[in-house]
Amino acid sequence: MDTLFLEYRDPVFGIIIFFAVIFIIAFLNYWWGVFKSKEERYNAERFIKRFEVMADADEYKKLLDEFSISSESLGLLAHSYSKSGEYEKAIGIYLLALKRVKNKEEKQYFLYQLGKIYFKAGFLRRSTDVLLELLRMYPRHKEALKLLMVIHEQLKEYARALEVMDSLEELDVEVKSEKTFVKALQILNDGSKTNQQKYEILIELTKEEPLIGRILFEFAKRENLDFDVDLIDAHSVLDLLWESEDLKLKSSSQDLVKAVLAAKNGGEIPQNAPFELEVLSVLKRQNYTKAIVGFEYTCTCCKGTFPVHFYRCPSCYTLKDPHISLLLIKKEHEEYYTF
Ligand SMILES: [Zn+2]
Numbered sequence: 261m262d263t264l265f266l267e268y269r270d271p272v273f274g275i276i277i278f279f280a281v282i283f284i285i286a287f288l289n290y291w292w293g294v295f296k297s298k299e300e301r302y303n304a305e306r307f308i309k310r311f312e313v314m315a316d317a318d319e320y321k322k323l324l325d326e327f328s329i330s331s332e333s334l335g336l337l338a339h340s341y342s343k344s345g346e347y348e349k350a351i352g353i354y355l356l357a358l359k360r361v362k363n364k365e366e367k368q369y370f371l372y373q374l375g376k377i378y379f380k381a382g383f384l385r386r387s388t389d390v391l392l393e394l395l396r397m398y399p400r401h402k403e404a405l406k407l408l409m410v411i412h413e414q415l416k417e418y419a420r421a422l423e424v425m426d427s428l429e430e431l432d433v434e435v436k437s438e439k440t441f442v443k444a445l446q447i448l449n450d451g452s453k454t455n456q457q458k459y460e461i462l463i464e465l466t467k468e469e470p471l472i473g474r475i476l477f478e479f480a481k482r483e484n485l486d487f488d489v490d491l492i493d494a495h496s497v498l499d500l501l502w503e504s505e506d507l508k509l510k511s512s513s514q515d516l517v518k519a520v521l522a523a524k525n526g527g528e529i530p531q532n533a534p535f536e537l538e539v540l541s542v543l544k545r546q547n548y549t550k551a552i553v554g555f556e557y558t559c560t561c562c563k564g565t566f567p568v569h570f571y572r573c574p575s576c577y578t579l580k581d582p583h584i585s586l587l588l589i590k591k592e593h594e595e596y597y598t599f
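Sequential numbering from 261 applies to the sequence shown in this note's numbering.
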């Protein structure tokens, strides 16, 4: 017993105990860290898995009880889902974040994001409801008003779109082009007016806003009305010129129209004509018929390129004539391009 007591008092024994305690603490710390990270990963996986199916109201309540993820983190998660096009999940998370908001600023942010994501996902009515709720709290929210204007335009609710534009004008937002554009769409859908009346009004609107020129051209073409192509800038209807009857283009004084005719028929091409049209004109003269022309449309604002024409950019929603580019295509590949 004495020997044991003496050994316990031995300084070497004390050092051994000291290192043993350090080792045990380090091991426990490591084990706790592994356990916690596993638990966190499991919780996060469970949380995300719950959104793989659209959760209903009860599911959200359960999530609120089970997880304590902040609204900021939910916002980031929803944003990344939105970026990758997983709108359903992003909507679910924004709805959840709205229940966790701490102040009016956060509520404003999440309502706008939710309105935007509903719009992107194609739920236009739901988007309208969310934006109206936001505007009830913040009537001067310009971005919400702009989005609401686009939605009403897409839903063909032109009178409402014009009302929203009035509100934007009161907030010093320039919407002159948008107003004329919506008025032109309103005229086209007005059953009480004859084609001739519509045509005359569209000519007047084109003088106000050149963007309407293409609507006027399309209308005249569809209704087979006599139309002077020099009323509008040929660049905005380059693709439509290609499909038009030559006879209706012959009187034009615009070089681009002459270049299109030359490319189609092999005639003399004006100087500074687009390269593709020049090549086609030369090939036509050589009786080479395998080359045809295609078109693509680039937004002058966000530079996004699309295979079909748009008035309002499908990506950034800017209302502006897109830049129309010509593409030379070998005839056997024609089926890859749909216009
Ligand atoms: Zn754009």
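Note that beta-carbon positions come from the ideal geometry of N, C-alpha and C, so glycine has one too.
His583: member of the beta strand (DSSP E) spanning His583 to Lys590, first to last residue. The Cβ neighbour count for Gln457, taken over all protein chains shown within 10 Å, is under 16; the residue is labelled exposed. For ligand 1, the residues with a Cβ under 7 Å from any of its heavy atoms are, in chain order, Cys559, Cys561, Cys562, Gly564, Cys573, Ser575, Cys576 and Thr578. Excluding the 5 residues flanking it on each side, Ser513 has same chain C-beta neighbours closer than 7 Å at Asp490, in chain order. Less than 9 Å separates the beta-carbon of Leu334 from that of Tyr354. For Phe370, the uninterrupted alpha helix (DSSP H) run begins and ends at Lys364 to Lys380, by DSSP. Here Tyr577 carries a coil assignment [DSSP, helix/strand/coil]. Here Gln446 has Tyr418 as same chain residues with Cβ atoms under 6 Å from its own Cβ, once five neighbours each way along the sequence are excluded. Inter-segment contact for the region 513-524 and the region 536-548 is present: three or more beta-carbon pairs are separated by less than 8 Å.
Shown here, Tyr557 sits in a strand according to DSSP, grouped into three states.
For Thr565, the beta-bridge partners assigned by DSSP are Thr558. With three or more CB-CB distances shorter than 8 Å, the region 547-558 counts as touching the region 577-584.
Pairing Arg482 with Gly554, the inter-Cα distance amounts to about 21 Å. In the DSSP assignment, Arg572 is bridged to Leu579.
Beta-bridge analysis with DSSP links Ile552 to Ile589. For the options Asn547, Asp389, Tyr378 and Lys467, the alpha carbon positioned closest to that of Thr440 is the one of Lys467. Within its own chain, the residues whose Cβ lies closer than 7 Å to the Cβ of Glu429, once the five positions on either side in sequence are excluded, are Val435, listed in chain order. Within the region 458-538, the complete alpha helix (DSSP H) segments of 4 residues or longer fall at 472-482, 498-503 and 515-525, listed in chain order. Between the alpha carbons of Arg400 and Val542 lies a gap of roughly 58 Å. Proximity to Lys591 across Glu393, Pro567, Ile552 and Ser575 peaks at Ile552, based on C-alpha coordinates.
For Val433, no alpha helix (DSSP H) encloses it, and the DSSP letter there is neither H nor E.
Under the three-state reduction of DSSP, Gly274 is assigned to helix.
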